[in-house]
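Numbering (my numbering), first residue to last: 575 to 913. Okay, so here's the structure we're looking at.
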């Protein structure tokens with residue numbers, strides 16, 4: 575399965591924070607033939623491990639998270655579902671959006687919106703918080719209470735598709751694109767005789783506090799970790815200082831990251847002619863790198879980010895060339911790594 579096909583498959587699956595099982599199952603199915611072992615933990619992160627066969631071998635970990643932002647049902651009123659958000663949902667996106675409520679089988683719904691004809695003076699243009707909105711599932715109070723238990727999660731409807739020339743657009747590209755990338759890197763290395771073990775970690779609950787990565791890194795005790803996540807791509811209306819250029823893997827630089835690993839990523843990119851950019855991160859990177867770096871006695875951690883437009887919306891957008899460039903960079907770095 576090619577990288578884009580795998581990405582589309584993963585993005586179409588529902589997996590809000592704390593309910594990533596569908597994504598886990600599909601990733602485990604893909605990685606099992608490539609691995610010596612598949613392990614997990616009570617938080618549900620997936621670790622595919624390939625052993626080098628050497629006693630007391632060191633371990634390199636690849637990490638990307640598989641959860642997405644979403645919603646949780648908090649009540650039923652006149653057949654409409656009240657809800658709260660899971661992760662950093664942008665309230666501006668909510669009115670009139672289609673959602674999938676993750677019952678068995680799932681229930682289709684739409685988030686209500688007040689027609690402009692009925693708005694009070696001064697209300698037009700205002701962002702409505704989630705707690706004042708409802709999901710309409712087209713049911714009576716009795717039917718809705720029976721069909722949708724309180725606590726049921728929900729996600730935006732859809733997956734991702736190609737946009738224009740060489741881009742992908744849709745929901746959950748943060749961070750399923752990066753999950754697909756590291757799965758393909760892990761596959762690319764299957765016949766390489768590495769002198770260390772390699773772990774492909776697909777972690778849970780990043781959007782609500784990087785919990786899956788913290789637990790999984792503590793359990794696996796990697797010596798080096800390469801985290802792959804998204805970063806803000808440049809758009810005409812975006813702030814210059816907080817966005818990355820249009821193209822190229824963004825290699826993170828800062829105290830959250832190990833200098834030797836970071837310099838090695840830059841050397842590999844330059845030696846292989848891979849277009850790249852520097853992402854200065856003066857504090858917490860906001861990614862799983864922050865949780866993994868301080869696990870146990872500390873982990874030498876690097877971060878490579880994929881520029882993404884419209885983060886935490888149902889229309890997140892990335893460049894396919896950037897995805898393939900990150901895949902090439904990480905594969906080459908690991909082939910040459912000396913832990």
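Just so it is clear, CB atoms sit at the ideal spot from N, CA and C, and this is done for glycine as well. Since this is a predicted model, take the numbers as computed values, not measurements.
Where residue 596 and residue 843 are concerned, what is the direct C-alpha to C-alpha distance, given to the nearest angstrom?
Spanning the two alpha carbons is a distance of roughly 34 Å.
Quick check on residue 687: does DSSP put it in helix, strand or coil?
Looking at residue 687 - three-state DSSP - the assignment turns out to be coil, as it is neither helix nor strand.
Just curious, the alpha helix (DSSP H) that residue 884 is in, first and last residue?
Careful: residue 884 lies outside any alpha helix (DSSP H) and carries neither H nor E.
If you compare alpha carbons, which of 651, 666, 662 and 768 is closest to residue 720?
The shortest Cα separation from residue 720 among 651, 666, 662 and 768 belongs to 651.
Distance, Cα to Cα, residue 662 vs residue 746?
In a straight line, the C-alpha of residue 662 is about 12 Å away from that of residue 746.
Going straight from the alpha carbon of residue 914 to that of residue 741, what length do you get?
What is shown of the chain runs 575 to 913, which leaves residue 914 out entirely.
Quick one: give me the first and last residue of the beta strand (DSSP E) that residue 848 is part of.
Here residue 848 belongs to no beta strand (DSSP E), and DSSP marks it neither H nor E.
DSSP puts residue 710 in a beta bridge; with which residues?
Per DSSP, 654 and 684.
Within 10 angstroms of the Cβ of residue 576, are there 16 or more other Cβ atoms? Answer buried if so, exposed if not.
Under this definition residue 576 is an exposed residue.
With three or more beta-carbon pairs closer than 8 Å as the criterion, would you say the region 847 to 854 touches the region 898 to 905?
Yes, they touch.
Of all the options 913, 912 and 878, which has the alpha carbon lying nearest to the alpha carbon of residue 749?
Among 913, 912 and 878, the Cα nearest to that of residue 749 belongs to 878.
By how many angstroms is the C-alpha of residue 712 removed from the C-alpha of residue 840?
Using only the alpha carbons, I get a separation of about 54 Å.
Given a threshold of 16 other Cβ atoms within 10 Å of its Cβ, counted over all protein chains shown, does residue 903 qualify as buried or as exposed?
Buried, since its Cβ has 16 or more Cβ neighbours within 10 Å.
Where does the unbroken beta strand (DSSP E) through residue 744 begin, and where does it stop?
Looking at the DSSP string, the run of the beta strand (DSSP E) that includes residue 744 is 741 to 744.
Using only the alpha-carbon positions, how far apart do residue 876 and residue 584 sit?
Near 24 Å, if we compare the C-alpha coordinates of residue 584 and residue 876.
Return yes when the Cβ of residue 615 is within less than 8 Å of the Cβ of residue 793, no when it is not.
Contact: yes.
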